[in-house]
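Peer 1: Just dropping this structure here.
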Amino acid sequence: MHGRFEEQARRTPAATALVCGDERLSYGELDARAARLAALLRRRGVRPGALVGVHLERSAEMVVALLGALKAGAGYVMLDPDFPAERLRGMAADARVAVVVSRRGCQQPLPSVESVAVEDAEHSGPLEPGSVAVRPHDPACVMFTSGSTGRPKGIVASHSAITGTLTGQDFASFGSGAVWLQCSPVSWDAFALELWGPLLGGGRCVLHPGQRPDPVLMADLVDRHAVTSLYLSASLFHVIVDEYPRALDGVRELIVGGEPMSPAHAARALERHPGLRLSNGYGPVEGMVFLTVHPVTAEEVRDGRPVPIGRPLNGKRLRVLDEGLRPVADGETGELYAAGAGVALGYRGRPGLTAERFVADPYGPAGELMYRTGDLVRRRADGVLEYLGRADDQVKIRGFRVEPGEVETVLAGHPGVVRAAVVARPDSTGDKRLVAYVVPGDPRPSEGELREHAARVLADYLVPAAFVLLDALPLTPNGKLDRAALPEPGPITGSLASASAREPSGEVERALCGLFSEVLGVASVGPEDDFFDLGGNSLMVTRLLGRIRLTLSAPIDVRTLFECRTPAALVPHVARAERDEPAAAPAPPPDGGALALSYAQRRLWFLDRVDAGTAYTLPVLVRLRGGIDAEALRAALADVAARQTVLRTVFEERDGEPGQRVLNGDAARPRLRQVDVDAGELAGAVAEAARHRFDLAAELPLHAVLFGVRDRPGEHALLLVLHHIAGDGWSLPPLFRDLSHAYAARASGAEPGLAPLPVPYAEFARRQAERLGSAHAPGSLAAAQLDFWHKALADLPPGGPLLPRRPGRPAVPGRDAATVVRRLDAAAHARIVEVARAQGATLFMALHAALAAVLVRAGAGEDLAVGSPIAGRGHDGTVDDVVGFFVNMLVLRTDASGDPTVRQLLARTRETALDAFAHQDMPFEEVVEALNPVRPPGRQPFTEVVLALQNNARAGVDLPGARAGVEPLRTGTARFELLVDVTDDHSPSGAPDGMTLVFEYRTSCLEPEFVQWLADAVVEALCAAADEPDRPLSRLPLPEPPRRADAGRDTVRAPAVATGTPADSALHREIAAVWSDVLGVDGVGPHDDFFRLGGNSLRAVRVAARLTGAGRTVTAAQLFTSPTVAALAAELERAPADTPAAPAPIPRRPRVPRQPGREGRTDTGQKEVPWS
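Numbering (UniProt numbering), first residue to last: 1 to 1172.
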């Protein structure tokens, strides 16, 4: 194992291998630290074949310890710090642990065993690779599971068992693009899957903090680190689907195992996440993680049939045999036996038990053993196995393998117990729990004493949830325990069933008591009742935390509940959490009150201002056939605006600073204009109305027109034009859902009753600013992320990739756009997704790599920056139903030097994207302001080439009596020099169903021949990369470009400085004085650059406002084209001859932006909906 890791570290030493909190270790760093610890272990006497105990919480040091033990030639034994000390001592004794690795100063659970502090290796010299001989069949680890005799049994897994399961397989992605979340308990074999899978394959492992998985933290980690792959026990999977479905947002592949998967939960997960690759994994620890994996489809779980366990993995041989070890026919029930790769060496120190379960394989090579699983299965005619149950008493509790006999033995050891029996029964939620039946002796023990006795020895999942005291255990006629005759445990009640119990006080405590009761299925829960004493377990913890978050808006973590186990103890934590995250947003201020804009809104407001009022709009057409009640539609629009306050907001300016004001009353109702046209006039009328330009200070940001077609009765078209300052692509589904609901109610004469939003947009803006903090405050999120972007974009030319540009192009690019469209069919789409997924990458990353390869071929250089919009709505779902502009722009800088292979380039783009996603909170405009690059007029800093994947939910509208379809519109204007806008389609089953690639470009900058070539080349690169991922970029079979970019003629240059106005003119002095006042800079010279002196977009607006007057109009855009005092003075001197003295009327011309940048503001059209 460690040899494979060392090979990977030599190949990609700088690639990130491990993430734990804020700590990131590259392959090279992790390898070096482990080598130092290995040398220390060797000096302490560790030799090949020995076992090293690792008594560390989940951390980077834990992984260093595991890898260091392997390098030293030993195997490892995980000693979970959460296990009782007595259990750890028994495990260490059975495994004959030679040394324990722990932290310096921590309490040592094994005082008789030599201890090594992981910190002591920091100054140790490294162990040379290969200096210790280790064979494939040497022990790599010992994993303990429940044992029927009362002792946990240690299963010895070899190096080859782990590598044989995790390499050379196709059930999951472990390559350079994969990011696995390690959240399983460290004592499970799934721990090896989540950790060693990516580390041996070149992927990345993200460690979940703490020892217990917390769905809230999981969702945050998945979002923050772009986790692609997860393993969940079936029990935890079911809870997450029920309570935390957003925790799976963004996950590409999920394997569920440990227990039978619920088909209903699988169906719901696939319905919510149609792109998810969901698999059902089966395998006992003795077979190393999985023996079989079955890909789950929506069709097979739709009717509720049990989910099969699938076919054997590569190298694993499975046999279905009867009691005489004879093969059974397909369709018949038999016991499953496993041989081949992954099978354990046996049980540590238990030769009798090993001989019982590992038997000679009569169908394999001489001397080979097969493992008797104890599981009953049947094989279908297609070779797929179906799980039917157990042949013995073994059960699974919350994903853990449990032998009831172990629990019975521990309980029988209590001096007050005569006899005990333990069975698994379903609780009120359907989950299995252990129930202990005890015949008491004298003195008679209480339930609390029995629970405490069990908890001292057993892991928490082995402690019974309920205890039933009986005079005698029921027996069958032959004297065996009659399990069927054991009574159901009586209802558990809380302390409030007693008249002397304290009643809950205060609303929060009463609510918590009610939630405890609801989740536990226990009546009369009092404020001092212990959650776990009433039968709570880790899965119930997850459910309870979800209900607390939903009901009380208090995000409590798992650790808090384990430490504060009663409603009374939780009250102060809930109170603090409520102050941190209020349950309800503050009411909007009355008409006339001002609210701050969000970062994204400020960007849109500025772009609107510097384009002299040009709007940035999102026009959508809904074609309707049937009767339409115009008055009901008008009222429904008002209902939607009443709920979505951003739709009844105006954006005003005071001394260059924007503010927003929420309107009420009649002024808050969006206008619906009715227009009747002939069928032949409809397209032109729609196009003209879609060019509506907003005056943001005076009108609402939603404009609606209902067209009636005179010569086609019953045919209508509803045009909605939404200004981007009030909405993005993700806003369209909630907008149309609200409109459909409100219209249905109004058309029937009812009130719509739209519920208030939990977090309105203005409250989101406030929370966003509060969360980021000041970029000047050490330790703030803004400061940390800005530091990342400073480093990531250092020395990057702001003009974007070098492209072969049109000769004679204007210094300030025009706005007109043209498009080239290409289509990939479903087969090609599926192949690209499959190949990307195999390398742990997403479709977006594959598109990015293909675009980068083509740009290199076009002469763009090897240091490539591509802009990419990101939704910006977070992962917690609080703003999923909010209409508003949330989008942020990320700059993805990729190194294409050294003629990498496609696979290597994909890995690089993958790393770039992950790092950017991890720092996506910092608003793009704040990054640009901090870096203050040279701003060529009319262009976006760093983002003149943009790649956007439209993977947001599709908008639909359901108006009673009408058949509706949504048709996004394009506007013929471009905001970027080149936008590659991709929409991927999926079939109803979620399978890839083709991609549409739209290449939108500025006609004033790029020639159609080049863009036609680029579109063809990107398609060719995608297909070639899927077929031959190990081909170098220089050998990709791409067509030759019409011409390659040339730095001499294609570089974007700033215009020459205008001259003509004397440096001491009155206009010059006026400009210098305004600049000095706005910038706080003395002695502004004639050729000082406004932005180099500290100017930014809002300060440009402020300067323009102060210089406007006395018949002269100054726009912020002029500061970008003329950024010095002399240049601006010359520009304004020419103004009377070139421009009107007063502000021009607002022309009705649309803009549909994708990602706002600094001042190149021509818009892209949209295909589905932009930027989501």
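We treat Cβ as the ideally placed atom computed from N, Cα and C, and that holds for glycine.
Quick caveat, the model's predicted, so the values are computed rather than measured.
Which residue wins for smallest C-alpha separation from Val99, given the options Asn280, Val812, Val52, Gly626?
Peer 2: As a first step, residue 99 must be located in the sequence shown, where it is residue number 99. Of the candidates Asn280, Val812, Val52, Gly626, the one whose C-alpha sits nearest the C-alpha of Val99 is Val52.
Peer 1: Determine the closest residue to Ala466 out of Gly349, Val239, Ala420, Glu503, with distance taken between C-alpha atoms.
Peer 2: Start at 1 with the first residue of the sequence shown, and residue 466 comes out as number 466. With distances taken between Cα atoms, Ala466 lies closest to Ala420.
Peer 1: What are the boundary residues of the beta strand (DSSP E) that includes Thr12?
Peer 2: In the sequence shown, residue 12 corresponds to position 12, counting from 1. Where Thr12 is concerned, there is no enclosing beta strand (DSSP E), given that its DSSP letter is neither H nor E.
Peer 1: By a C-beta neighbour count over all protein chains shown, 10 Å radius and 16 as the cutoff for buried, is Asp223 buried or exposed?
Peer 2: For the purposes of this step, residue 223 is taken as the residue at position 223 of the sequence shown. Per the 10 Å Cβ criterion, buried.
Peer 1: Just mark Ala704 as buried or exposed, buried being the case when its beta carbon has 16 or more other beta carbons within 10 Å.
Peer 2: By one-based count along the sequence shown, residue 704 stands at place 704. With 16 or more Cβ atoms within 10 Å of its Cβ, Ala704 is classed as buried.
Peer 1: Is it true that the region 542–549 meets the region 237–247, where meeting means three or more beta-carbon pairs spaced less than 8 Å apart?
Peer 2: yes
Peer 1: Between Glu259 and Ser235, is the Cβ-Cβ spacing less than 8 Å?
Peer 2: Along the sequence shown, one-based indexing puts residue 259 at 259. Along the sequence shown, one-based indexing puts residue 235 at 235. Taking 8 Å as the Cβ cut-off, Glu259 and Ser235 qualify as a contacting pair.
Peer 1: Considering only their Cβ atoms, is the gap separating Pro813 from Arg603 smaller than 8 Å?
Peer 2: By 1-based counting over the sequence shown, the position of residue 603 is 603. By 1-based counting over the sequence shown, the position of residue 813 is 813. No, Cβ-Cβ distance for Arg603 and Pro813 is not below 8 Å.
Peer 1: Please name the residue, chosen from Glu967, Val571, Glu977, Arg939, that lies closest to Leu947 on a Cα-to-Cα basis.
Peer 2: In the sequence shown, the residue the question calls residue 947 occupies position 947. Closest by alpha carbon: Glu977.
Peer 1: Anyone know if the C-beta pair for Phe1010 and Pro804 falls short of 8 Å?
Peer 2: Sequence index remark: in the sequence shown, residue 1010 carries index 1010 (1-based). Sequence index remark: in the sequence shown, residue 804 carries index 804 (1-based). With respect to the 8 Å criterion, Phe1010 and Pro804 are classified as neighbours on the basis of their beta carbons.
Peer 1: Do Tyr337 and Arg357 have their beta-carbon atoms positioned less than 8 Å apart in this structure?
Peer 2: As a first step, residue 357 is located in the sequence shown; it is residue number 357 there, counting from the start. As a first step, residue 337 is located in the sequence shown; it is residue number 337 there, counting from the start. Not closer than 8 Å, so no.
Peer 1: Kindly confirm or deny that the region 75–92 and the region 447–458 touch, where touching means at least three C-beta pairs closer than 8 Å.
Peer 2: yes
Peer 1: For Gly49, which three-state DSSP category applies?
Peer 2: Counting from one through the sequence shown, the residue named residue 49 turns up at place 49. In the structure shown, Gly49 sits in coil (DSSP, three-state: anything other than H, G, I, E or B).
Peer 1: Tell me, please, which residues DSSP counts as bridged to Tyr282.
Peer 2: Counted from its first residue, the sequence shown places residue 282 at position 282. Bridge partners of Tyr282: Thr292.
Peer 1: Do the CB positions of Gly154 and Asp94 come within less than 8 Å of each other?
Peer 2: One-based indexing of the sequence shown puts residue 154 at position 154. One-based indexing of the sequence shown puts residue 94 at position 94. Asp94 is positioned such that its CB atom lies closer than 8 Å to that of Gly154.
Peer 1: Between Asp899, Asp695, Ala642, Leu979, which has its C-alpha nearest Asn664's C-alpha?
Peer 2: Within the sequence shown, the letter at position 664 stands for residue 664. Minimum Cα distance to Asn664 is reached at Ala642.
Peer 1: Is Asp639 helix, strand or coil by DSSP?
Peer 2: For the purposes of this step, residue 639 is taken as residue 639 along the sequence shown, with counting starting at 1. Asp639: helix per DSSP, three-state reduction.
Peer 1: Over what stretch of residues does the alpha helix (DSSP H) that includes Cys1023 continue unbroken?
Peer 2: As a first step, residue 1023 must be located in the sequence shown, where it is residue number 1023. Counting along the chain, the alpha helix (DSSP H) containing Cys1023 begins and ends at 1008–1027.
Peer 1: Looking at the unbroken beta strand (DSSP E) that takes in Leu207, where does it start and where does it end?
Peer 2: Sequence index remark: in the sequence shown, residue 207 carries index 207 (1-based). Its beta strand (DSSP E) spans residues 204–207.
Peer 1: Is it buried or exposed for Thr1051, if we count other Cβ within 10 angstroms and need 16 for buried?
Peer 2: Taking the sequence shown and counting its residues from 1, one reaches residue 1051 at position 1051. Exposed: under 16 other Cβ atoms inside 10 Å.
Peer 1: Ignore the nearest five residues each way along the sequence and tell me which others in Gly494's own chain have a CB closer than 6 Å to its CB.
Peer 2: Indexing the sequence shown from 1 puts residue 494 at position 494. Same-chain partners within the cutoff: Val522, Ser524, Val525, Gly526, Asp529.
Peer 1: Are the region 278–292 and the region 334–354 touching, with three or more C-beta to C-beta distances below 8 Å?
Peer 2: They touch, by the three-pair rule.
Peer 1: What does Asp249 pair with, by DSSP beta-bridge criteria?
Peer 2: Your numbering for residue 249 matches position 249 in the sequence shown. Looking at the DSSP assignment, Asp249 forms no beta bridge with any residue, so it has no partner.
Peer 1: So, under 8 Å CB-CB, Leu706 and Leu672 are touching, yes? Tell me the CB distance rounded to an integer number of Å.
Peer 2: Counting from 1 along the sequence shown, the entry for residue 706 is found at position 706. Counting from 1 along the sequence shown, the entry for residue 672 is found at position 672. About 6 Å separates the two Cβ atoms, so the contact holds.
Peer 1: Less than 8 Å separating the beta-carbons of Val833 and Leu824?
Peer 2: One-based indexing of the sequence shown puts residue 833 at position 833. One-based indexing of the sequence shown puts residue 824 at position 824. Result no, Cβ atoms of Val833 and Leu824 do not sit closer than 8 Å.
Peer 1: Can you tell me the Cα-Cα spacing of Met1 and Leu200, whole angstroms?
Peer 2: Here residue 1 corresponds to residue number 1 of the sequence shown, with the count starting at 1. Here residue 200 corresponds to residue number 200 of the sequence shown, with the count starting at 1. Distance between the alpha carbons of Met1 and Leu200: 7 Å.
Peer 1: Report the rounded CA-to-CA distance for Thr1037 versus Ala853, giving the unit in angstroms.
Peer 2: By 1-based counting over the sequence shown, the position of residue 1037 is 1037. By 1-based counting over the sequence shown, the position of residue 853 is 853. Sequence check: residue 1037 is Pro here, not Thr. Taking the straight line joining both Cα atoms gives about 11 Å.
Peer 1: In angstroms, rounded to a whole number, what distance separates the CA positions of Ala896 and Asp985?
Peer 2: Here residue 896 corresponds to residue number 896 of the sequence shown, with the count starting at 1. Here residue 985 corresponds to residue number 985 of the sequence shown, with the count starting at 1. Each residue's alpha carbon lies about 29 Å from the other.
Peer 1: What does DSSP give as the partner residue(s) for Ser112 in the beta ladder?
Peer 2: Against the sequence shown, residue 112 aligns to sequence position 112. BP columns for Ser112 are empty, so no partner.
Peer 1: Contact defined as beta carbons within less than 8 Å: I believe Ala117 pairs with Cys141. What is the distance between those atoms, to the nearest angstrom?
Peer 2: For the purposes of this step, residue 117 is taken as the residue at position 117 of the sequence shown. For the purposes of this step, residue 141 is taken as the residue at position 141 of the sequence shown. Wrong, their Cβ atoms sit about 21 Å apart, outside the cutoff.
Peer 1: Would you report the Cα separation of Asp1077 and Gln644, rounded to the nearest angstrom?
Peer 2: Counted from its first residue, the sequence shown places residue 1077 at position 1077. Counted from its first residue, the sequence shown places residue 644 at position 644. Spanning the two alpha carbons is a distance of roughly 39 Å.
Peer 1: Using 8 Å as the cut-off, can you tell me whether the region 679–686 makes contact with the region 733–743, which would need three or more C-beta pairs spanning the two stretches below that distance?
Peer 2: Segments in contact, no.
Peer 1: According to DSSP, simplified to helix, strand and coil, what is His875?
Peer 2: In the sequence shown, the residue the question calls residue 875 occupies position 875. Low confidence applies here, because His875 scores a pLDDT of 49, under 50, leaving its location unreliable and the question unanswered by this model.
Peer 1: Near Asp591, what residues of its chain come up, given a Cβ to Cβ distance below 8 Å and the 5 sequence neighbours on each side ignored?
Peer 2: Taking the sequence shown and counting its residues from 1, one reaches residue 591 at position 591. Its pLDDT being 42, under 50, Asp591 is placed unreliably by the model, and the measurement read from it follows with that caveat. If we look at Asp591 and ignore the five residues flanking it on each side, its Cβ neighbours are Arg661, Val662, Leu663, Asn664, Gly665, Ala667.
Peer 1: CB-CB under 7 Å to Gly536, same chain, minus the five flanking residues each way: which ones, in chain order?
Peer 2: Counting from one through the sequence shown, the residue named residue 536 turns up at place 536. For Gly536, where only same-chain residues beyond five positions count, the Cβ hits under 7 Å are Leu520.
Peer 1: If you draw a straight line from the C-alpha of Tyr231 to the C-alpha of Ser102, how long is it?
Peer 2: Sequence index remark: in the sequence shown, residue 231 carries index 231 (1-based). Sequence index remark: in the sequence shown, residue 102 carries index 102 (1-based). Roughly 27 Å between the two C-alpha positions.
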